[in-house]
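Heads up: the sequence shown is residues 1 to 692, going by my numbering.
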Amino acid sequence: MTQIDDSGEYLPTSGGAAGNVEVLSPRSSGGRSRLSRIGRGISSHRIISGLVILALIGGALYGYYRTRPKSTAALVAEPVSLATIRQEISITGTIEPQTDLGLLFGTTGTVSTINVVSGQKVKAGTVLATLNTTTLTDQIAQAETTLSAAKASLASAEGALPLTEQSNNDSLSQTQLAVQQDSAKLATDQSTLTLDQAIANNWCQADASSSECVSAQQAYTSAQATVQADQQNLSIDQESVTATQTKNTQSVDSANAAIAQDQTSYNNAVASLGAAETAYTDCTSASSSSSGSSGSTGSSATSCTQESQAVTSAQGQVSSAATSLSNAQTALTDTEAQNAVSLAQAQLAVTDATQKLATDQTTLNLDQAIASGGCSADPSSSECNQAQSAVTSQTQAVSSDQFQLATAQSQLPSTQVKNTQSIQQSQSSISADEAQVANDQAALATDQASLSQAEIVAPISGVVDQINVTVGQSGSVSSSASSSSSGPSGAIILSSPGSYEVQGSVSDAQIAQIQLGEQATIVPAGSTTAIYGTVTQITPQATITSGVASYPIVVSITDANPNLYSGVKVTSKAPPLFAGASAQVALIVKQATNVLSVPTSAVHTVGSLSYVLVKNKTKETRVTIAVGAADAQDTQVLSGLKLGQEVVLANRALAIPSSTAGFAGGFGAGGFGGGGGLGRGGGLARKAGLGG
1 MTQIDDSGEY LPTSGGAAGN VEVLSPRSSG GRSRLSRIGR GISSHRIISG LVILALIGGA
61 LYGYYRTRPK STAALVAEPV SLATIRQEIS ITGTIEPQTD LGLLFGTTGT VSTINVVSGQ
121 KVKAGTVLAT LNTTTLTDQI AQAETTLSAA KASLASAEGA LPLTEQSNND SLSQTQLAVQ
181 QDSAKLATDQ STLTLDQAIA NNWCQADASS SECVSAQQAY TSAQATVQAD QQNLSIDQES
241 VTATQTKNTQ SVDSANAAIA QDQTSYNNAV ASLGAAETAY TDCTSASSSS SGSSGSTGSS
301 ATSCTQESQA VTSAQGQVSS AATSLSNAQT ALTDTEAQNA VSLAQAQLAV TDATQKLATD
361 QTTLNLDQAI ASGGCSADPS SSECNQAQSA VTSQTQAVSS DQFQLATAQS QLPSTQVKNT
421 QSIQQSQSSI SADEAQVAND QAALATDQAS LSQAEIVAPI SGVVDQINVT VGQSGSVSSS
481 ASSSSSGPSG AIILSSPGSY EVQGSVSDAQ IAQIQLGEQA TIVPAGSTTA IYGTVTQITP
541 QATITSGVAS YPIVVSITDA NPNLYSGVKV TSKAPPLFAG ASAQVALIVK QATNVLSVPT
601 SAVHTVGSLS YVLVKNKTKE TRVTIAVGAA DAQDTQVLSG LKLGQEVVLA NRALAIPSST
661 AGFAGGFGAG GFGGGGGLGR GGGLARKAGL GG
C-alpha cells in the first residue's frame with residue numbers, strides 16, 4: 001500500500017493486496033481515500049457547498065492579484081522544470097456486470113487487417129483489427145510540418161521581441177539624451193547670452209575676464225602709455241626748442257663776431273691800401289722830382305717798387321678781407337636761415353607733440369570710460385561692436401537651441417508611441433504565433449488520436465463472438481458500441497463473462513474531451529485499490545435532467561495492460577466488485593511525459609490567453625505562454641519560457657484553472673474543477689507511478 005504524507009509525498013506502507021497499485025491522495029487535501037468513502041449518491045448540498053467554496057477561493061484569488069505587492073521580496077518563485085503531467089476528468093459511476101461488448105473503429109477508413117477469428121480468445125490490449133492509416137500518417141506528417149513551422153515562427157517572433165525592445169530602448173535613450181543635451185546646451189547658451197548682454201552694458205563689471213573687458217583694459221593701458229610717451233616727447237621737443245634757440249643765438253653771435261672781425265680786417269686792409277697807395281704816390285712824385293733835377297730815372301724807379309708791391313699786397317689783403325667779410329655776411333644769413341628752420345621744426349615738433357598729447361589724452365579718457373561703462377560710453381567702439389556681435393550671435397544660438405530642444409521634445413512622445421506600437425506588434429505577433437502553435441498542436445493531437453483510433457483493441461480479455469467487417473470494407477465510425485434487445489452491434493463483438501463496467505456520465509462541457517479508448521483509473525467504493533479501464537461507449541445523445549444535459553459513458557474494467565498504462569506495474573488481481581456499487585473514475589484526457597512545466601498556481605488566464613510572471617532580479621515581467629496538459633500541481637508549457645527561468649507563484653496552495661480545464665469544466669458529474677476536479681489525482685497518480 002502507498003500512503004502520502006501531509007506534504008503530498010508518497011510513503012510506502014505495508015498491507016493491501018499484493019500486486020495491486022493503490023493510490024491515495026494527501027490526507028490534508030481530501031484525495032482518493034476520502035472520495036472512496038463517498039457513497040454512490042452524493043448529496044446536492046455538498047455540491048452547492050463546493051461551489052460556494054470555489055467561488056470564495058476565486059474571489060480571494062482575484063482580490064490577491066488586484067492588491068498584491070509589486071516588490072518581489074515577498075514573492076515565492078519556482079524554476080521552470082521538466083515533469084510528467086496527466087490531465088484527468090473525475091466522475092462518479094455505478095459498477096455493473098458487462099454483457100457482450102460491441103467494438104467499433106474510432107475513426108473512418110478502409111479495413112486493412114483483421115487479426116482474429118470468431119471464437120478466438122484474446123487478452124486485453126490485443127489489436128483485433130486495423131484501418132489503412134496511410135492518409136492519417138500523411139496528415140500527421142503534414143500536421144507535424146505545420147507545427148514545426150509555427151514553432152519556428154513563434155521562436156523567431158520571440159527572438160525578435162528582445163531585439164525590438166533593445167532597439168526601442170536605444171532609440172528612446174538617444175532621444176532622451178538628445179533632449180537632455182539640448183536642454184543643457186540651451187541653459188548654457190542662455191547663461192552665455194545673459195552674460196554677453198551684461199558685458200555689452202558694462203562688461204568689466206559684468207565679467208572682468210571677458211574679451212571685451214580685456215580689450216578695453218588693454219586699450220586703456222596702451223592709451224596711458226601713449227599719453228605718457230606724448231608727455232615725454234613734448235617735454236623733449238620743448239627742451240629742443242630752447243636748445244635750438246640757444247644754439248641759434250650762439251651761431252648768430254659767432255657769425256656776427258666773424259663779420260666784425262672780418263670788417264675790422266677789411267677796414268685795416270683798406271687803411272693799409274690807402275697808406276700804401278699814398279706811399280706809392282708820394283714815392284712816384286718824389287721820383288719824378290728827383291729825376292727832373294738830376295736827369296737820372298733808374299734809382300727813382302727802383303725806389304718806388306717796394307711801395308708798389310706794398311700797394312699790390314694791400315690791395316690783395318683788401319680783396320681777401322672783402323671776401324671774408326662777404327663770406328661771413330653770407331654765413332650769417334645762412335645761419336639765420338638755418339636757425340629759423342631749426343627753430344621752426346622744433347616749434348612744430350612741440351605743436352605736434354602737444355596736439356598728439358591732447359588727442360591721446362582724449363583717447364585715454366574714452367578708453368577709461370569704455371572700460372568703466374561699456375557700450376554706453378561709446379556705442380561705436382570696437383569693444384562694443386564685439387560685445388554686441390557676441391549678443392547677436394548668442395541670441396541666434398539660443399534660438400537654435402530652443403528649436404532643437406522643441407524638436408527633440410516633440411520626437412520623444414512619437415518615439416515612445418512608436419516603441420509601444422512596435423512592442424505591441426511584436427507581442428501580437430507572438431500571441432498569434434502562440435495561438436497558431438496551440439491550434440497546430442491540437443490538430444496534430446487530433447490526427448494522432450485518429451491514428452490511435454484506427455485500430456480496434458480489446459479493452460478486456462474475452463472471446464471473439466462475431467466479426468462483422470472484412471478487409472477492404474469501409475470501417476464506420478461511431479462514438480459508441482451500442483447494444484439492443486438482440487445484442488450489441490459493432491465491427492467486432494467481444495464477450496467476457498464475469499467482466500464488469502462502470503456506467504456514468506459527463507457534462508456537456510466535458511463530453512468534447514472524451515474519446516473511445518481513453519484510459520481511466522477506477523476506485524470502487526470502500527476500496528483504496530486502483531483498477532483500470534477503458535472508455536468503450538459514449539452516448540452522443542444527451543440526457544436532460546432538470547434542464548442539465550449529461551452524456552452517458554461506459555468504462556470497461558480491464559486487466560493489466562502495459563501498452564495502455566506505460567510504466568505501471570499491476571496484476572490482474574482486483575478487489576471484489578459488486579454490482580450497483582459506486583466507483584470514482586478518473587478519465588485520462590491528456591498526458592505529457594518529461595515536458596517543460598510550471599506550477600499550475602503560477603499560470604494566469606485571461607480569455608484565451610495564459611501568462612506567467614517571470615522573476616527577474618528585483619522585478620517581475622509578464623510573459624505570455626501557450627499551455628498544454630495541466631494537473632493540480634503542474635501545467636505544460638508549449639512555448640514562451642525556457643528551462644530554469646523562475647516564475648512567481650500567486651499561491652502555492654491553489655490551482656489556477658486552465659482555459660481547457662478551468663471552472664468551465666463544470667461541477668456536474670465530473671466533480672469539482674475542470675481537468676479532473678476534486679480528487680482527480682492527476683499529479684498524485686504520476687507520483688504513484690502511473691505513466692512514469
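Every residue, glycine too, gets a C-beta built ideally from N, C-alpha and C.
Here the structure is a predicted model, which means the values were calculated and not measured.
- Collapsing the DSSP output to three states places residue 514 in coil.
- Measuring C-alpha to C-alpha distances from residue 391 to each of 289, 577, 460, 191 identifies 191 as the nearest.
- In this model, residue 337 and residue 246 are separated by some 15 Å (Cα to Cα).
- Check the Cα spacing between residue 317 and each of 425, 271, 188: the tightest is with 271.
- Between residue 631 and residue 85, the CB-CB gap stays under 9 Å.
- Taken in chain order, the complete beta strand (DSSP E) segments of 3 residues or longer contained in the region 105-192 are 109-114, 127-131.
- In the structure shown, residue 587 falls within a strand segment according to DSSP collapsed to helix, strand and coil.
- If you check the CB distance, residue 408 and residue 178 come in under 9 Å.
- In the displayed model, residue 460 falls within coil according to three-state DSSP, outside both helix and strand.
- For residue 535, the uninterrupted beta strand (DSSP E) segment begins and ends at 529-538.
- Contact check for residue 544 against residue 504 fails: the beta carbons are separated by 9 Å or more.
- Residue 99 carries a coil assignment under DSSP once its states are collapsed to helix, strand and coil.
- The straight-line gap separating the alpha-carbon atoms of residue 195 and residue 387 is approximately 10 Å.
- Take residue 137, set aside five residues on each side of it, and the residues of its chain with a beta-carbon closer than 8 Å to its own are 451, in chain order.
- Closest option to residue 507, judged by alpha-carbon separation, among 463, 539, 384: 539.
- Distance from the Cα of residue 252 is smallest, within the candidate group 596, 332, 346, 533, for 332.
- The Cβ neighbour count for residue 267, taken over all protein chains shown within 10 Å, is under 16; the residue is labelled exposed.
- If you compare the alpha carbons of 132, 642, 122 with that of residue 454, the shortest gap goes to 132.
- The beta carbon of residue 581 sits closer than 8 Å to those of 40, 94, 95, 524, 525, 526, all from its chain and outside the five residues before and after it, given in chain order.
- Leaving aside the five residues that flank residue 162 on each side, none in its chain has a CB nearer than 6 Å to its CB.
- Just so you know, the alpha carbons of residue 595 and residue 637 end up roughly 8 Å apart.
- Note that the C-beta distance between residue 423 and residue 158 is not below 9 Å.
- Taking the C-beta atoms as reference points, residue 492 is found nearer than 9 Å to residue 129.
- Around the Cβ of residue 615, a 10 Å sphere holds 16 or more other Cβ atoms; the residue is buried.
- When the beta-carbon positions are compared, residue 231 and residue 357 come within less than 9 Å of each other.
- Residue pairing by DSSP places residue 647 opposite 78, 614 in a beta bridge.
- Going by DSSP, residue 550 is part of the beta strand (DSSP E) stretching over 548-558.
- Beta-bridge partners of residue 83 (DSSP): 595.
- Distance between residue 467 and residue 117, taken at the CA atoms: about 7 Å.
- With 16 or more other Cβ atoms inside 10 Å of its own Cβ, residue 502 counts as buried.
- Short of 8 Å from the beta carbon of residue 599, and not among the five residues preceding or following it, lie these beta carbons of its own chain, in chain order: 78, 633, 634, 635, 647, 649, 652.
- The alpha-carbon of residue 345 is positioned some 39 Å away from that of residue 379.
- Residue pairing of residue 507 in beta bridges, as defined by DSSP: 550.
- Assignment of beta-bridge partners to residue 625 by DSSP yields 610.
- Residue 256 and residue 221 have their alpha carbons spaced roughly 52 Å apart.
- Measuring C-alpha to C-alpha distances from residue 353 to each of 229, 604, 169 identifies 229 as the nearest.
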